[in-house]
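Student: Quick one: the structure is below, and I'll ask about it shortly.
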Amino acid sequence: MSSRRTAKVAEAIRQVVSTAILFELRDPRVQNVTVLRVETPVDLRTSKIYVSVLGDEKTQRLTMKGLTASCGFLQSKIAKLLDLRFTPVLTFILDQGVKKSIETSRLLRKLDIEDASRAPHESVESEDQETDLSDSLEPSTPDFDSEEEPDDETE
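Following this line, the structure appears as structure tokens:
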């Protein structure tokens with residue numbers, strides 16, 4: 003089986019699971035879930051579903067327990083909607099990548115604010131340096147009046 007087919011099946015599983023979680027799953031523990039990606043091996047017997055859950059760690063743990071409890075329901079949806087020889091066994095994995103990127107963005111914004119508070123003092127000094135440099139540089143004009151003759155290469 004080609005990796006292209008495996009990728010298509012993984013994307014189809016992602017769509018089915020995402021839609022089922024969003025519209026059909028009635029477990030109150032499962033909230034604010036985003037299915038990020040699905041990894042499926044070539045044999046299509048298992049699928050790792052990477053999810054992002056908004057909220058604190060307690061909410062994330064409850065949501066992961068709810069998703070694990072609903073694996074049978076989600077596998078039955080996959081079996082009904084996708085024409086596969088085997089219905090893959092689902093494993094949910096909490097992906098911390100989104101959480102880490104939000105934290106990184108927050109830290110970068112904090113650094114930008116700190117730099118902006120220091121910048122007015124530094125910008126006055128740098129403007130003084132720029133004017134000193136611009137005064138010392140005189141534009142150079144090419145000397146077109148030189149008596150060099152162009153090379154004529156006629157044979």
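Sequential numbering of the sequence shown, starting at 3, is according to our numbering. Note that beta-carbon positions come from the ideal geometry of N, C-alpha and C, so glycine has one too.
From the DSSP output, in three-state form, read off T42 for me.
Tutor: The sequence position of residue 42 within the sequence shown is 40, counting from 1. Three-state DSSP puts T42 in coil, outside helix and strand.
Student: Using a Cβ-Cβ distance under 7 Å, would T36 count as near chain C?
Tutor: This model lacks chain C altogether, as it is built from one protein chain only.
Student: Count the other CB atoms, across all protein chains shown, that sit within 10 Å of the CB of L69; report buried if there are 16 or more and exposed otherwise.
Tutor: Position 67 of the sequence shown, counted from the start, is the residue given in the question as residue 69. Around the CB of L69, 16 or more other CB atoms lie within 10 Å, so the residue is classed as buried.
Student: Return the bridge partner residues of K50 from the DSSP annotation.
Tutor: Residue mapping note: residue 50 aligns to position 48 of the sequence shown, counting from 1. Beta-bridge pairing links K50 to E41 and T93.
Student: Going by Cα to Cα distance, which pick from A118, V19, D45 and L56 is closest to T8?
Tutor: The residue given as residue 8 occupies position 6 in the sequence shown. Comparing Cα positions, the closest option is D45.
Student: Are the segment 54-74 and the segment 31-40 touching by the rule of at least three beta carbon pairs closer than 8 Å?
Tutor: yes
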